[in-house]
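A short write-up of the structure that comes next.
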Amino acid sequence: MKLLKHLSIPLVLFVVIVFTGGVVYSQVENWRYLDSIYFTVVTLTTIGYGDFAPQTDIGKVFTIFFSLAGIGLAFYFFSMVGRYMFRKQLRDRLAEEGRLRTTKGIKKVSKKLLES
C-alpha cells in the first residue's frame, strides 16, 4: 500500500500522458487506438522499434513536444519506483540487523534539531 501512496501522482500522470498520446495519435495519424497506445509507450520508454512513425506534419510536431515532456515524466516515474525499492530494501536490511530503531531515533532527533 505504501508503494501506491508514494507513486500515486507519478503513476496517474504517466497513465494520463499515455492515454492522451493514444487519443492524439489515433485522431491525427488515423491509427487504431491500440496502435496509438503502443506507439506512445514505445516512444516514452525510448525503445523506438520503428514500426510506427507519424506521417503528418502535425503528428511529427506533436511527437517532438510530447517526447520531450513525456520521456522526462516516464523517467521520473521509473526513478520513483527504483527509489522506493531501494529504500524498502535498505529498511529491511536495517531491520534484520536490528539497527532500524536507531535510524528512526536519529531521524526524530534530527527533525527536532532542524525545527529549533
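Each residue of the sequence shown is one higher than the one before, starting from 17 at the first, in the numbering used here. Ideal placement from N, C-alpha and C gives every residue a C-beta, glycine not left out.
Look at the Cβ atom of residue i, then the Cβ atom of residue j, and state whether they are nearer than 7 Å.
{"i": "Val-58", "j": "Tyr-49", "result": "no"}
{"i": "Leu-84", "j": "Ile-33", "result": "no"}
{"i": "Phe-91", "j": "Pro-26", "result": "no"}
Suppose you measure from the CA of residue i to the CA of residue j; what does that come to, to the nearest Å?
{"i": "Leu-60", "j": "Gly-98", "result": "17 Å"}
{"i": "Asp-73", "j": "Arg-103", "result": "45 Å"}
{"i": "Ser-24", "j": "Gly-114", "result": "31 Å"}
{"i": "Trp-47", "j": "Ala-111", "result": "52 Å"}
{"i": "Thr-62", "j": "Gln-43", "result": "22 Å"}
{"i": "Met-101", "j": "Asp-51", "result": "32 Å"}
Just checking my contact of residue i with residue j at CB under 8 Å: how many whole Å lie between their CB atoms?
{"i": "Phe-82", "j": "Gly-37", "result": "6 Å"}
{"i": "Thr-56", "j": "Pro-70", "result": "With 8 Å as the limit, Thr-56 and Pro-70 do not qualify as a contact, their Cβ atoms being about 11 Å apart."}
{"i": "Gly-75", "j": "Glu-45", "result": "5 Å"}
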